[in-house]
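Participant:
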Amino acid sequence: MRLINNKGIALITALMFTLIILTLIMGVLAMVIQGTKGTAAMKVYRNATEAAYGGADITMNDVLPRLFTNVSTSIIRSDYNKINFNSMTIGSSVCVRQKRDYANTGTNWSACGDKSLNAKLSPDMTMKLVGTNSQSFTVYSKIVDTLEGVPYPGSTSSGTGGVASQLMGGGVTELSAGTTMNLAHFIYRVEVASEKTLNPKENSRVSVLYEY
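The sequence shown begins at 168 in the working numbering and counts up by one.
1. Return the first residue and the last residue of the beta strand (DSSP E) that A360 is part of.
2. Among S308, L314, A177, which one has its Cα closest to the Cα of H352?
3. Can I257 and T236 be called in contact, C-beta distance under 8 Å?
4. Can you list, in chain order, the residues of its chain with a C-beta nearer than 6 Å to that of Y307? Leave out the 5 residues immediately preceding and following it.
5. On the three-state DSSP scale, how would you describe D312?
6. For a test of the three-state rule: what should DSSP assign to R372, helix, strand or coil?
7. Could you compute how far the alpha carbon of T185 sits from the alpha carbon of G222?
8. By DSSP's criteria, Y377 is part of a beta bridge. Which residues make up the other side?
9. Run the CB neighbour count on T272, radius 10 Å, all protein chains shown included, and call it buried at 16 or more, exposed below.
10. Can you tell me where the beta strand (DSSP E) with K287 in it begins and where it stops?
11. Can you list, in chain order, the residues of its chain whose CB lies under 6 Å from that of S283, leaving out five sequence neighbours each side?
12. Could you compute how far the alpha carbon of Q333 sits from the alpha carbon of Q302?
13. Return the residue from the list Y247, N248, S277, M255 that minimises the CA-CA distance to V261.
14. Taking the beta carbon of D281 as the centre, do at least 16 other beta carbons fall within 10 Å, making it buried, or is it exposed?
15. Would you identify the three-state DSSP class for S245, choosing helix, strand or coil?
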C-alpha cells in the first residue's frame with residue numbers, strides 16, 4: 168500500500184494563504200492612504216467658515232505639496248474627483264507653476280489671469296464641499312503672492328525665485344555628482360473664499376501663509 172504525498176498540496180495551500188494575506192495588507196494600506204488624502208474632502212460642513220477652513224486644509228496639505236513633485240494638475244484634479252467631491256477644477260498648469268517658482272513681479276506670472284487678492288477671480292483651485300441638509304459650498308483658492316525667503320544654510324540662490332525647478336527630483340534637496348545642494352525657501356500667500364452654492368450671500372474669507 169502506497170502513501171499519498173501531500174507535500175505539493177501543502178505548498179499550494181501555503182502560497183494561497185500568503186496571497187490572501189498580502190491582498191488584505193494592500194487593501195488596508197490603500198484605505199489608509201485614501202483616508203489621509205480625503206480627510207478634509209469627506210467632511211460635512213455646517214457653514215461657509217468651516218468650508219473655507221476645509222478648502223484651505225485641502226489646498227495646503229493635499230494639493231500644494233504635490234505640485235512640488237511636478238505632478239500634473241490634471242492628475243491631481245482626477246485623484247480628488249474620485250473622492251467625495253462634487254467637483255474640483257485647477258487652473259492652468261503653466262500659471263500655477265509660475266506662481267510656485269516666481270514672485271509676482273514684472274511678467275513672471277504672464278500665464279495667469281487676474282492677480283488681485285480676490286480668490287473668486289481667476290482662482291487656482293475651485294472645489295465643492297458637502298454641507299449639511301444636502302447643501303454644498305463652493306470654495307475658491309488662489310495663490311496671490313510668492314516670496315523667496317532667506318535660503319537655508321548651505322544652499323545657493325539666484326535671487327530670482329527660479330531655483331525651485333532644481334528641487335523637483337524629490338523633496339527639498341538635490342544632491343548628485345557635479346551639482347550643489349539647494350535648499351530653497353519660499354513663502355506663499357493663499358486666499359481662500361467659500362460660499363454656499365445656493366445662497367452666495369453666506370460666505371467667508373480666509374488668508375493663509377504656506378512655507379516651503
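Each residue gets a CB set at the ideal place from its N, CA and C atoms; glycine is no exception.
Facilitator: The relevant details are as follows:
1. In the sequence shown, residue 360 corresponds to position 193, counting from 1. Where A360 is concerned, the enclosing beta strand (DSSP E) stretches over 353-363.
2. Position 185 of the sequence shown, counting from 1, holds the residue named residue 352. Taking only the C-alpha atoms, the option nearest H352 is L314.
3. Within the sequence shown, numbered from 1, the residue matching residue 257 stands at position 90. Within the sequence shown, numbered from 1, the residue matching residue 236 stands at position 69. The answer is no: Cβ separation not under 8 Å.
4. Your numbering for residue 307 matches position 140 in the sequence shown. Contacts found: A286, K287, P290, T293, A360.
5. Here residue 312 is taken as the residue at index 145 of the sequence shown, counted from 1. Correct three-state label for D312: strand.
6. Residue 372 sits at position 205 when you count from the first residue of the sequence shown. Looking at R372 - three-state DSSP - the assignment turns out to be strand.
7. Sequence index remark: in the sequence shown, residue 185 carries index 18 (1-based). Sequence index remark: in the sequence shown, residue 222 carries index 55 (1-based). In a straight line, the C-alpha of T185 is about 42 Å away from that of G222.
8. In the sequence shown, counting from the first residue as 1, residue 377 sits at position 210. Y355.
9. For the purposes of this step, residue 272 is taken as residue 105 along the sequence shown, with counting starting at 1. T272 should be labelled exposed.
10. Sequence index remark: in the sequence shown, residue 287 carries index 120 (1-based). Taken as a continuous stretch (DSSP letters only), K287 belongs to no beta strand (DSSP E), as it is neither H nor E.
11. Reading the sequence shown from its first residue, position 116 is the one you call residue 283. Nothing listed; no residue qualifies.
12. Stepping through the sequence shown from its first residue, residue 333 is reached at position 166. Stepping through the sequence shown from its first residue, residue 302 is reached at position 135. Residue confidence is low: Q333 scores 44 on pLDDT, short of 50, so the model does not pin down where it sits. Its coordinate-derived value is still stated next. Distance between the alpha carbons of Q333 and Q302 is about 44 Å.
13. Your numbering for residue 261 matches position 94 in the sequence shown. Nearest of Y247, N248, S277, M255 to V261, Cα basis: S277.
14. The residue labelled residue 281 in the question sits at position 114 within the sequence shown. It is exposed - the Cβ of D281 has fewer than 16 other Cβ atoms within 10 Å.
15. If you number the sequence shown from 1, residue 245 lands on position 78. Of the three classes helix, strand and coil, the one that applies to S245 here is helix, per DSSP.
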